[in-house]
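For the sequence shown, the tail end lands on 79 under our numbering, and the numbers increase by one without skipping.
Beta carbons are placed, not taken as given, at the ideal position from N, Cα and C, and that holds for glycine.
Here the structure is laid out as structure tokens; the discussion comes afterwards.
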Amino acid sequence: MNRLKELREDKDLKQKDIAKILGITQRNYSYFETGSTVLTEEILRKLANYYKTSVDYILYLTDKRESYPPSILSEHQK
């Protein structure tokens, strides 16, 4: 199953709900879920933050669903 779809369905959300959170149309979001359109860095970050997971998990680079701890660099950027 697609990770984006899995994450969305785990929260009992519809595509239009996530699209609204991301500020895009439901159609554009559906393209991300089906792999018809490549996820942008901005969308990946928003999704990872919303779902409290890592970009690596969304991209199948890890099977660990937990997000990574904040980096030292991001601590200094606040």
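Check: What is the residue span of the alpha helix (DSSP H) that R9 lies within?; Outcome: 4-11
Check: For Y61, which three-state DSSP category applies?; Outcome: coil
Check: With the cut-off set at 7 Å, would you say Y30 and I19 are in Cβ contact?; Outcome: yes
Check: Give every residue of the same chain whose Cβ lies closer than 7 Å to the Cβ of K17, excluding the five residues on either side of it in the sequence, and list them in chain order.; Outcome: Q27
Check: Quick check on R9: buried or exposed, where buried means 16 or more other Cβ atoms within 10 Å of its Cβ?; Outcome: buried
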